[in-house]
Each structure stands twice: as structure tokens, then as C-alpha cells.
Amino acid sequence: MMTDHKTRLKLGMVGGGQGAFIGAVHRIAARMDDRFQLVAGALSSDPARASASAAELGIDPDRSYASFAEMAEAEAAREDGIDAVAIVTPNHLHAGPSIAFLNAGIHVICDKPLAASVAEAEAIKEAARSSSARFFLTHNYTGYPLLRQARAMVARGDLGRIRLVQAEYAQDWLTNVIEQEGHKQAAWRTDPAQSGAGAIGDIGTHAFNIACFVSGLAPEALSAELHSFGPGRQVDDNAHILLRYAEGARGMLWASQIAVGCENSLRLRIYGDKGGLEWEHQDPNQMTFTRFGEPKQILTRGGANIGPDWTRVPPGHPEGYLEGFATLYTDIAEVIETGTDNPMLPGLQAGLDGMWFISAAQTSSAEGGAWIPR
Numbered sequence: 045m046m047t048d049h050k051t052r053l054k055l056g057m058v059g060g061g062q063g064a065f066i067g068a069v070h071r072i073a074a075r076m077d078d079r080f081q082l083v084a085g086a087l088s089s090d091p092a093r094a095s096a097s098a099a100e101l102g103i104d105p106d107r108s109y110a111s112f113a114e115m116a117e118a119e120a121a122r123e124d125g126i127d128a129v130a131i132v133t134p135n136h137l138h139a140g141p142s143i144a145f146l147n148a149g150i151h152v153i154c155d156k157p158l159a160a161s162v163a164e165a166e167a168i169k170e171a172a173r174s175s176s177a178r179f180f181l182t183h184n185y186t187g188y189p190l191l192r193q194a195r196a197m198v199a200r201g202d203l204g205r206i207r208l209v210q211a212e213y214a215q216d217w218l219t220n221v222i223e224q225e226g227h228k229q230a231a232w233r234t235d236p237a238q239s240g241a242g243a244i245g246d247i248g249t250h251a252f253n254i255a256c257f258v259s260g261l262a263p264e265a266l267s268a269e270l271h272s273f274g275p276g277r278q279v280d281d282n283a284h285i286l287l288r289y290a291e292g293a294r295g296m297l298w299a300s301q302i303a304v305g306c307e308n309s310l311r312l313r314i315y316g317d318k319g320g321l322e323w324e325h326q327d328p329n330q331m332t333f334t335r336f337g338e339p340k341q342i343l344t345r346g347g348a349n350i351g352p353d354w355t356r357v358p359p360g361h362p363e364g365y366l367e368g369f370a371t372l373y374t375d376i377a378e379v380i381e382t383g384t385d386n387p388m389l390p391g392l393q394a395g396l397d398g399m400w401f402i403s404a405a406q407t408s409s410a411e412g413g414a415w416i417p418r
């Protein structure tokens, strides 16, 4: 993504210390277009690890904090305080920091899902309603150029009236119960107290989000069957979900973390009465578009004539996971600086939609697949 802006916004981070995965991803993304500089952090609940992590990242010791509450209060009081904070903690620790920084008037960039429970999500909603700061949710796949292109094509009617929405996200990393073997990421992601949900929260929300993002449709009801194949596992690791849309379209969503051979298989297919689109994350720089009765077209990131606002490298050079995150961070910087809205950016409503999806799927499955209305 090319940009003429040179101002670096001051970024803080909650979580993301030594041994964390997603914190490093956010830091890379925030710097990719040179729009943010990390200057403060409450990087761990363990004071020693927080201090050591801050030192490794070049954060001044006086801006390394023992808690997010201390950080929010101190940074809001500083003349050179942070412009935004990235929250990269496990799900059950999203609400507390989000509310604290929103109350302090500091913009929040939060990893997905919004929270570990609907009650926590509603508390974030109330804090955002009374805050002067903005809330952003990093559903990073919405930053992929061809998914933005797909959204634009659907919106201008290239597919006609949408009939079918098919989304899936399959992985295999939880095929064995590695959470019982000391695997850090698996341990918290399969702990219902920390994650709030299993596959539906971790990856199902991504599939649900891109289905909504590209199709422009919001489901009115869903029916779900959740299952846990891992012996002793406390959360779902596989989900099959049917979706009904008020506009008459129908959808299906599959999320699994025990699908052997699927490393990170995110896929979206949308069909209307005039045409269809197919996109797969394993080859994110091309997409298939078919007009009814005509040969398939393979649209590449270059061939689709995607503008510089959605991409950053020349055609033929792959863009993917980190760049998708970076696109969101650069869009966020623009919103913070200009105060304008960007419909491409997922925010609080996307988070609330995701929480409804999780809660409704859990309720439906517990009730034998009952249809749960929105």
C-alpha cells in the first residue's frame, strides 16, 4: 500500500510479550507501512516477563507497565501519550483493557473475537458508546485485496441477486490433544474460561466475518451442530452451521481444527442468479469469477486492476497474512488522523456480530440444532 503520509502514530500494546504469537504479527503489521511506532506496553501479567519483553522491543522502562489499568491512566495523562493501543491477549482479557482505554479516550485496536462472552461484548459496546475514541477489530482477512475486490463486485451487482453463501475454515493442528502436553497456544484456546469457545470462536468467526463482509448480507438465523473429537477436550473442535438470510439466500459454514491435511484452509464461495465467485486463502492472489453461461475467469490481483489503496507490491508478488493485517493498520491510521469512516474496516459491529454467531451456534447445538434467530 503506497502512502504519502509520514506521520507515525504512537502505539501501545497489551499482551504480546515473550512467547506470544499474535503480538509479533501486530507489531510487524503496524510498522509495515511506517504508520505506527510502538512506545508503550503492558506486555505480560508477569512483571518480570513484561519488563524483559519491553527491553527486547526497545520500549523505555518508564513506559513498560505492570497492568493495563496503570498504562491507560498513565498514557492518558502524558502529553506524548499513545494514540492507540493494540490488545493482543487471550479472549477473556479483551474486555477489561478495551474498556479501560476507551474510558481514557485512547483508540483501541483489538484482536478477534471481540470477547469471551456476550456480557463482556455488551460492556465494551457501552464503553465505546460513551467514548471519544474509536474501536477497531482486526479481522485481518478483510484486508486482502481480492476479498475487497469481491465485496465491490457483489455490491455493484456482478453476481446478481445472491442465493448461496458457502464459507469454510479448516485446520488440523488440534487433531491430537496437544493442550494436555503443555502446548501454550492450544492450552488457552481450548480452555473455555479463557477462550469462551473453540473452533467457532478461533476460526469460525473469521469464516463468518468474510462471508458477511463480501456478501453484504447478515443472517437472520442459524442452526448448528458443534462437536469435540479430541478426547477430554472442553470446547468444540468441529462445527457445521446452516445460515438463513432475510433476503432469501441460504448459507453453510464449516469450521474445523481436526481436519487432517488442512493447514489453514479458508475458503469462500458466493453464488448469485447471474454469476459466482470462488476464493481460497491458500492462493489468495487469485479468484475465480464466472458469469452464467460463460467460461470461468481467473482474476489475479494485478489483472483485476486493484488500486494502490488495497495493495502494496507489484502484480505477481504475493501478498498475504501479514500484509492483510498491515492494510488494516494503515486504514486505521487514516481514520484516526482524518476522523472519517472506512466501510472496509471491521469495528465494534463486526465484533458484536461475531459474538452473536458464537453464542447462537452454542445455543443451537445444545438444543439439537434448533434455529436461533438474530
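For the sequence shown, the numbering used here assigns the number 45 to the initial residue and increments by one for each residue that follows. Just so it is clear, CB atoms sit at the ideal spot from N, CA and C, and this is done for glycine as well.
Check, Outcome
"Cβ neighbours of A171 in the same chain (closer than 8 Å, five flanking residues each side left out)", "S142, I143, L146, N147"
"Cβ neighbours of I150 in the same chain (closer than 8 Å, five flanking residues each side left out)", "G56, A116, E119, A120, G125, I126, D127, A128, V129, A177"
"Contact set for I247: own chain, Cβ-Cβ below 6 Å, skip 5 residues either direction", "Y213, A299"
"Where E411 sits in the DSSP three-state scheme", "coil"
"Strand pairing of M57, partner residues [DSSP]", "G85, A130"
"Enclosing alpha helix (DSSP H) for N253 [first to last residue]", "249-259"
"C-alpha distance - A74 paired with T182, whole-angstrom precision", "12 Å"
"Straight-line Cα distance separating L137 from I131", "9 Å"
"Exposure of M46, with buried meaning 16 or more beta-carbon neighbours within 10 Å", "Bear in mind that the predicted position of M46 carries a pLDDT of just 46, short of 50, making it unreliable; the figure below should be weighed with that in mind. Exposed, since its Cβ has fewer than 16 Cβ neighbours within 10 Å."
"Coil, strand or helix - E212 by DSSP", "strand"
"Contained alpha helix (DSSP H) runs [length at least 4] in the stretch 131-208, N- to C-terminal order", "139-147, 162-173, 189-199"
"Touching by the beta-carbon criterion (3+ pairs, under 8 Å), the stretch 67-82 and the stretch 368-385", "yes"
"Residue(s) in a DSSP beta bridge with A265", "R288, P417"
"Alpha-carbon to alpha-carbon, E100 and E322", "43 Å"
"3-residue-minimum beta strand (DSSP E) runs that sit fully inside the stretch 317-353, ordered along the chain", "319-324, 330-335, 341-344"
"Nearest-angstrom beta carbon gap, N253 and A96 [assumed within contact, 8 Å]", "Wrong, their Cβ atoms sit about 35 Å apart, outside the cutoff."
"Three-state secondary structure (DSSP) of F273", "coil"
"C-alpha distance - Y109 paired with A94, whole-angstrom precision", "8 Å"
"R311: CB within 7 Å of a non-hydrogen atom of the ligand SAM", "As far as ligands go, the structure on display features none, and thus does not contain the ligand SAM."
"Span separating the alpha-carbon of G305 from that of E225", "21 Å"
"Selection from I72, N329, A293 that minimises the alpha carbon distance to Q193", "N329"
"For A241, the three-state DSSP class (helix, strand or coil)", "coil"
"Beta-carbon gap between Q341 and Q215 smaller than 8 Å", "no"
"Alpha carbon of M399 to alpha carbon of G360, nearest angstrom", "37 Å"
"Distance CB(G295)-CB(N135) smaller than 8 Å", "no"
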